[in-house]
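**Student:** Structure provided below as structure tokens; questions to follow.
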Amino acid sequence: MINVLIVDDQNLTHKLIETYLKPKSEINIVGFASNGQEAIAKIPLLQPNVILMDVEMPEMDGLSATKIITQQFPQSKVLIFTVHDNEQNLSQALENGAKGYLLKTTTAKELTNAISYVNQGYFHLSVELTEKYLQKLLLPNQKLKRLLRLSVK
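First residue of the sequence shown: 1416, per the working numbering; consecutive thereafter.
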């Protein structure tokens, strides 16, 4: 059983995630928090295996909370779940110890799989972001190959 704490300032998001995850027998939602401070306060009592964390929230954002959680509660793994697909947030999440980064446009199946992977200690990046950043990595190499071919001719 994977105990999950959902951290998001939108109650509708809580309900939607609960609807996605409730039928999954291996996932148990142990609680909800509406910001990073509330999540940090609830962790000792709820002891979640995985924390599904939004980025943009009042009082304490998800990236700041992730840093504190990974330092103070290393047994709980943070999976970022956000609408923000920019490099800065992704980099900050990784630096702060997040074990995964999903966009809220993800499918219920990918969300379930990501929770399972992160719980097992693996890193998970959403399909959309994987494709986006692989293209960024490959594009300079393709340009370099073209330049090398031109210089050889």
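C-beta atoms are modelled at their ideal positions from N, C-alpha and C, and glycine is treated no differently.
What residue from 1508, 1488 and 1472 has the CA that sits closest to residue 1424's CA?
**Tutor:** Measuring from the Cα of residue 1424, the nearest candidate turns out to be 1472.
**Student:** In the DSSP assignment, the alpha helix (DSSP H) including residue 1504 goes from what residue to what residue?
**Tutor:** Segment 1502–1510, the alpha helix (DSSP H) holding residue 1504.
**Student:** One question on the structure: do residue 1485 and residue 1512 come within less than 8 Å of each other, judged by their Cβ atoms?
**Tutor:** It is a contact, given that the beta carbons lie within the stated cut-off.
**Student:** Spell out the partners DSSP gives residue 1468 in its beta bridges.
**Tutor:** According to DSSP, which records beta bridges pairwise, residue 1468 is partnered with 1422 and 1495.
**Student:** Given residue 1500, which residues of its chain have a CB within under 8 Å of its CB, disregarding the five upstream and five downstream residues?
**Tutor:** Hits under 8 Å: 1518, 1543, 1544 and 1547.
**Student:** Which of helix, strand or coil does DSSP assign to residue 1477?
**Tutor:** In this structure, residue 1477 counts as helix in the three-state DSSP scheme.
**Student:** Here's the rule: buried if 16 or more other CB atoms are within 10 angstroms of the residue's CB, otherwise exposed. What is residue 1516?
**Tutor:** Buried is the call here.
**Student:** By Cβ distance below 6 Å, which residues in the same chain neighbour residue 1447 in space, the five residues on each side in sequence not counted?
**Tutor:** Within the same chain, residue 1447 has close Cβ partners 1421 and 1429.
**Student:** Need the endpoints of the beta strand (DSSP E) that residue 1532 sits in, please.
**Tutor:** Not the beta strand (DSSP E): residue 1532 falls in the alpha helix (DSSP H), residues 1523–1534.
**Student:** Using C-beta distances below 7 Å, list every residue in its chain close to residue 1476, excluding the 5 sequence neighbours before and after it, in chain order.
**Tutor:** 1451 and 1470, listed in sequence order.
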